[in-house]
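Quick notes on the structure that follows.
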Amino acid sequence: MARALYIHWPFCARKCPYCDFNSHVRASVDHAAWQQALTADMRHEAERAGGETLESVFFGGGTPSLMPPALVEALLTEAERLWGFAADIEITLEANPSSVEAERFAGIAAAGVNRVSLGLQALDDQALKFLGRLHNAAEGLAALKTAQGVFERVNADLIYARPSQTEEDWRAELSRALDLGTGHLSLYQLTIEPGTRFATDVRIGAFAPLADDPAADLFVLTRELTAAAGLPAYEISNHARPGEESRHNLAYWRYQDYVGIGPGAHGRRGGRATVRHKKPENWLSAVAEHGHGVAEERVLARPEQASEALLMGLRLAEGVDLAELRTRFGIAANGLIDRERLCFHASLRLVREEGSRIAITDAGMPLLDALLGELVAGDLVTA
Amino acid sequence: MTDLSLIRNFSIIAHIDHGKSTLADRLIQATGGLTAREMSEQVLDNMDIERERGITIKAQTVRLNYTAKDGQTYELNLMDTPGHVDFAYEVSRSLAACEGALLVVDAAQGVEAQTLANVYQSIEHDHEIVPVINKIDLPAAEPEKVRHEIEDIIGIDASEAVLTSAKSGIGIEDVLEALVAKIPPPKGDRAAPLKAMLVDSWYDPYLGVVILVRVIDGVIKKGLQVKFMQGGTEHLIDRVGAHTPRRIDLPEIGPGEIGFITAQIKEVEQARVGDTITTVKQGATQALPGYKEVQPVVFCGLFPVDAADFEKLRESIAKLRLNDASFSYEMESSAALGFGFRCGFLGLLHLEIIQERLSREYDLDLITTAPSVVYRIQLRASRTDDAREILLHNPADYPDPSRIESIEEPWIKATIYTPDEYLGPILKLCQDRRGIQRELTYVGGRAQVVYELPLNEVVFDFYDRLKSISRGYASFDYEQIGLREGDLVKMNILVNNEPVDALSLIVHRSVAEARGRGMCERLKDLIPRHLFKIPIQAAIGGKVIARETIAALRKDVTAKCYGGDITRKKKLLEKQKKGKARMREYGNVSIPQEAFIAALRMGEE
Numbered sequence: 021m022a023r024a025l026y027i028h029w030p031f032c033a034r035k036c037p038y039c040d041f042n043s044h045v046r047a048s049v050d051h052a053a054w055q056q057a058l059t060a061d062m063r064h065e066a067e068r069a070g071g072e073t074l075e076s077v078f079f080g081g082g083t084p085s086l087m088p089p090a091l092v093e094a095l096l097t098e099a100e101r102l103w104g105f106a107a108d109i110e111i112t113l114e115a116n117p118s119s120v121e122a123e124r125f126a127g128i129a130a131a132g133v134n135r136v137s138l139g140l141q142a143l144d145d146q147a148l149k150f151l152g153r154l155h156n157a158a159e160g161l162a163a164l165k166t167a168q169g170v171f172e173r174v175n176a177d178l179i180y181a182r183p184s185q186t187e188e189d190w191r192a193e194l195s196r197a198l199d200l201g202t203g204h205l206s207l208y209q210l211t212i213e214p215g216t217r218f219a220t221d222v223r224i225g226a227f228a229p230l231a232d233d234p235a236a237d238l239f240v241l242t243r244e245l246t247a248a249a250g251l252p253a254y255e256i257s258n259h260a261r262p263g264e265e266s267r268h269n270l271a272y273w274r275y276q277d278y279v280g281i282g283p284g285a286h287g288r289r290g291g292r293a294t295v296r297h298k299k300p301e302n303w304l305s306a307v308a309e310h311g312h313g314v315a316e317e318r319v320l321a322r323p324e325q326a327s328e329a330l331l332m333g334l335r336l337a338e339g340v341d342l343a344e345l346r347t348r349f350g351i352a353a354n355g356l357i358d359r360e361r362l363c364f365h366a367s368l369r370l371v372r373e374e375g376s377r378i379a380i381t382d383a384g385m386p387l388l389d390a391l392l393g394e395l396v397a398g399d400l401v402t403a
Numbered sequence: 008m009t010d011l012s013l014i015r016n017f018s019i020i021a022h023i024d025h026g027k028s029t030l031a032d033r034l035i036q037a038t039g040g041l042t043a044r045e046m047s048e049q050v051l052d053n054m055d056i057e058r059e060r061g062i063t064i065k066a067q068t069v070r071l072n073y074t075a076k077d078g079q080t081y082e083l084n085l086m087d088t089p090g091h092v093d094f095a096y097e098v099s100r101s102l103a104a105c106e107g108a109l110l111v112v113d114a115a116q117g118v119e120a121q122t123l124a125n126v127y128q129s130i131e132h133d134h135e136i137v138p139v140i141n142k143i144d145l146p147a148a149e150p151e152k153v154r155h156e157i158e159d160i161i162g163i164d165a166s167e168a169v170l171t172s173a174k175s176g177i178g179i180e181d182v183l184e185a186l187v188a189k190i191p192p193p194k195g196d197r198a199a200p201l202k203a204m205l206v207d208s209w210y211d212p213y214l215g216v217v218i219l220v221r222v223i224d225g226v227i228k229k230g231l232q233v234k235f236m237q238g239g240t241e242h243l244i245d246r247v248g249a250h251t252p253r254r255i256d257l258p259e260i261g262p263g264e265i266g267f268i269t270a271q272i273k274e275v276e277q278a279r280v281g282d283t284i285t286t287v288k289q290g291a292t293q294a295l296p297g298y299k300e301v302q303p304v305v306f307c308g309l310f311p312v313d314a315a316d317f318e319k320l321r322e323s324i325a326k327l328r329l330n331d332a333s334f335s336y337e338m339e340s341s342a343a344l345g346f347g348f349r350c351g352f353l354g355l356l357h358l359e360i361i362q363e364r365l366s367r368e369y370d371l372d373l374i375t376t377a378p379s380v381v382y383r384i385q386l387r388a389s390r391t392d393d394a395r396e397i398l399l400h401n402p403a404d405y406p407d408p409s410r411i412e413s414i415e416e417p418w419i420k421a422t423i424y425t426p427d428e429y430l431g432p433i434l435k436l437c438q439d440r441r442g443i444q445r446e447l448t449y450v451g452g453r454a455q456v457v458y459e460l461p462l463n464e465v466v467f468d469f470y471d472r473l474k475s476i477s478r479g480y481a482s483f484d485y486e487q488i489g490l491r492e493g494d495l496v497k498m499n500i501l502v503n504n505e506p507v508d509a510l511s512l513i514v515h516r517s518v519a520e521a522r523g524r525g526m527c528e529r530l531k532d533l534i535p536r537h538l539f540k541i542p543i544q545a546a547i548g549g550k551v552i553a554r555e556t557i558a559a560l561r562k563d564v565t566a567k568c569y570g571g572d573i574t575r576k577k578k579l580l581e582k583q584k585k586g587k588a589r590m591r592e593y594g595n596v597s598i599p600q601e602a603f604i605a606a607l608r609m610g611e612e
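These protein sequences, in sequence, are chains A and B.
Basically this note's numbering = 1-based index in the first sequence + 20.
Basically this note's numbering = 1-based index in the second sequence + 7.
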């Protein structure tokens, strides 16, 4: 049963040009109505995925730092009443590093949040402007300082492999970020997602994304610098001081059950996939009508679950334990992984095998999608 | 039966687009063969492919009854002959069934090489040629100039050429009168033993094999027991008739006449073009001259993209073969492509037609390997084998080079006719393809070049290149002129150090390096980057003559996997697996199916 709860807050002050997440800009939000609806959605899930205490809660978005601290507190109170909280529960909230939001950090911490994930994105003004962010570099650093004073744990997000970014540029920027002293860094390469403003910009030739080969060089550099600074990569884009990993995100990657409530949230419980109505208004009216926001609930066949477990697990440096997956899904190791391709790619040192565990190597990580196509047994995908 | 003096048998010679089909349609209409309403556009070219390409693949005839100005009603048999060099033998048999021909020339375009070749063939059959200058109502029409061209280039009197516009219906009656007046009636003896020439045959799902015949002597009737003198089989005639163009049954076909018969024959292979049909009792003792067994000259492998379609391919090929005995097939297996068939064709157009019909009519997705010609190899004796001669259809069967005494390859004589502004690049193309120039003549602003060329330099993309460098103006015609010895070697293409059988080819040593370099360069673009670097090499025996490297893929990863949404990643994986299904694995390298043919396109040289 689920020990991880995700709460989606879909509103932003402004839509960023690279972002294809479920985020929306609205002139005003009826907080009372949202509190009621999120609470109802939560109860619906607790009835179906209750029974064990929660080990993590994650407020994602959107921009959850725009939520009034009282709303955060009310939702956490309800979650604790429904599931109970483990003593060392990790409660993360995504925040924008604007001065306005920084002023609320104390209140949010008082509401129970003990980890903040700060969307710093870049450390120079020009890059922040390109990325369409509302804060400048100084404001971001100030917000980070505030956060570090208020929350037990702080993560900073950065977006790199930006157009024409050189190795020297990134080395300097990342070194500064590492000096900021956060225990966790999420370092994402800029990707151009369909339907975003950046996709249009690229189509009309306003800018060209960084080519794959230099982007691959930056990926290698990133791993070197973070490892040297004591925050090695534990996932493709996530780096942490040992023990500082995001427990909530690990639940996804280790393919444990998770509850997802709020617009567009995905969940996994007992072999079922849940997806909620994506558009905020539709989700609200669904909750009003049915008492929950579920748009689709589907039983996942075991081979499909196994393929998801592999897709997620191989993102992690620790990889997956085929023996454990066999026990979980009743599928033998050779039904999970194409043994012949595994040996071939092991010989290329893109993947390694240790006992029943397989993991993608540092060299293989930037090629994960291609490797998954090679390694995941065909029967799991066509099934 | 019709009195011999009232029969006229003729064909129409024309270059593509010069209006043959339209003129034929007008003649049918004018003689009441079909009403305007019944005419779908162009009756004669039945197959879609024939219509689209403006070529005739199977011979057909139409019997027209025309009451001339002299008050007599004539039986006019219009023979529609195949219009491409690949079917030269079929053309020759169709022509042998006629006494004359209409030569249709476009009043704006003038005489083309293809036309020329057919006229000469027709003249060789002692035909009376009636020139027709068509499309005279086009703004660019220059009938007088074309009249001179016909006289200068072809060397026949064109002073009485009929001027027409088949499209607008101008001059149709004049054509009919000219036919009656100029084309001689056939000769024949009704009392003599039956001698009928098998002009063509095709498979009809209702009637079985239908045979087009021209009776020389004697009479063909229903119920007659006949013998095919070359095929050696005997059959009972169960139907006799003609096309007007509607199919009609007739009591008999007499001397000089053209019509069809059926005789409960199941396969066209039993009804070979050029055979002589006679009666079993008191039959002719000597067959008609000119019979030939047709031999495929171009070979290639056809493989299903989806290995599961192999049985479907086998059935489809067998069905096509029912109606076309001129192509051959046998099973072939390739390490890269799995099971398929090695097929032989009369020429490149024939290959394309079969390939296109398989994909269109039978909905098959095919991989076609490089076309190859037939090589004759003399093998030396070895410890275990005697010296012997082999015919090589497939580069994969190339013998141990140490045993090869000599290799011969087929050569052709090509006639190219072009506006002279394109002559330079055309000569270069012919030189690059090991051509030997035999003739070069100018007529007005046009040039005619005759080259001897090795067929293996022509089979792949010669015609495409010729068309592209002449912007479609040059025309090309060829005939085979036999085998010649050549310094020919097998070139292997190695992908990731493994030879890919479907890409190997036989080339002349002098062009091997250029060809190998070209193929390696194209494969470098055609094969996607893999997780490791891939050497691509062209080699003759153990010697590498060209090399390229495809760099390893460096980045292919989804940076962010957010909020537990796995759907997109899963779709990505599904897409990847599907893409792989359309590739062929070779030494751990996935080669896209289109690469096998694209690699051979020589492009700009």
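Glycine is no exception: its CB is placed at the ideal position from the N, C-alpha and C atoms.
Residue i to residue j, Cα distance in whole Å?
i, j, result
"Gly71 (chain A)", "Met21 (chain A)", "7 Å"
"Asn258 (chain A)", "Ala47 (chain A)", "34 Å"
"Thr97 (chain A)", "Phe364 (chain A)", "52 Å"
"Glu65 (chain A)", "Glu344 (chain A)", "27 Å"
"Ala606 (chain B)", "Cys527 (chain B)", "8 Å"
"Leu183 (chain B)", "Arg529 (chain B)", "55 Å"
"His400 (chain B)", "Phe352 (chain B)", "11 Å"
"Pro262 (chain A)", "Leu251 (chain A)", "7 Å"
"Ile374 (chain B)", "Gln583 (chain B)", "21 Å"
Give a yes or no on whether the C-beta atoms belonging to residue i and residue j are separated by under 8 Å.
i, j, result
"Ala192 (chain A)", "Leu238 (chain A)", "no"
"Ile177 (chain B)", "Met204 (chain B)", "no"
"Leu145 (chain B)", "Leu85 (chain B)", "no"
"Ala249 (chain B)", "Arg70 (chain B)", "yes"
"Ile397 (chain B)", "Ile384 (chain B)", "yes"
"Gly203 (chain A)", "Glu264 (chain A)", "yes"
"Leu30 (chain B)", "Val126 (chain B)", "no"
For residue i, I'd like the list of residues in its chain whose CB is within less than 6 Å of its CB, leaving aside the five on either flank, ordered along the chain.
i, result
"His155 (chain A)", "Pro117, Ser118"
Within a Cβ cutoff of 8 Å, which residues of the same chain sit near residue i, ignoring the five residues on either side of it in sequence?
i, result
"Arg453 (chain B)", "Gly117, Tyr424, Thr425, Pro426, Asp427"
With DSSP collapsed to three states, give me the class of residue i.
i, result
"Glu167 (chain B)", "coil"
"Ile573 (chain B)", "coil"
"Met526 (chain B)", "helix"
"Gln438 (chain B)", "helix"
"Val396 (chain A)", "strand"
"Leu148 (chain A)", "helix"
"Val314 (chain A)", "strand"
"Ser76 (chain A)", "strand"
"Ser389 (chain B)", "coil"
"Arg100 (chain B)", "helix"
Quick one: what's got a C-beta closer than 7 Å to residue i's C-beta in the same chain, skipping five residues either side?
i, result
"Leu436 (chain B)", "Arg472, Leu473, Ile476"
Practice problem: Name, going along the chain, the residues of the segment 245 to 267 of chain A whose beta-carbon falls closer than 8 Å to a beta-carbon of chain B. | Solution: Ile256, Ser257
Self-check item: Members of the segment 563 to 585 of chain B near chain A, C-beta cut-off 8 Å
Solution: Asp563, Val564, Thr565, Ala566, Lys567, Cys568, Tyr569, Gly570, Gly571, Asp572, Ile573, Thr574, Lys576, Lys577, Leu579, Leu580, Glu581, Gln583, Lys584
Practice problem: Compile a chain-ordered list of the residues in the segment 326 to 341 of chain A whose CB is closer than 8 Å to at least one CB of chain B. | Solution: Ser327, Glu328, Leu331, Met332, Arg335
Practice problem: For the segment 370 to 394 of chain A, enumerate the residues whose C-beta is nearer than 9 Å to any C-beta of chain B, in chain order. | Solution: Those residues of the segment 370 to 394 of chain A that come within reach of chain B (Cβ to Cβ, closer than 9 Å) are Leu370, Gly384, Met385, Pro386, Leu387, Leu388, Asp389, Ala390, Leu391, Leu392, Gly393, Glu394.
Self-check item: Residues in the segment 498 to 510 of chain B having any Cβ partner in chain A nearer than 7 Å
Solution: none
Quiz item: Between the segment 300 to 319 of chain B and chain A, which residues of the former have a C-beta closer than 8 Å to a C-beta of the latter?
Solution: none
Practice problem: Determine which residues of the segment 526 to 560 of chain B have a Cβ less than 7 Å from any Cβ of chain A, and write them out in chain order. | Solution: Leu538, Phe539, Leu560
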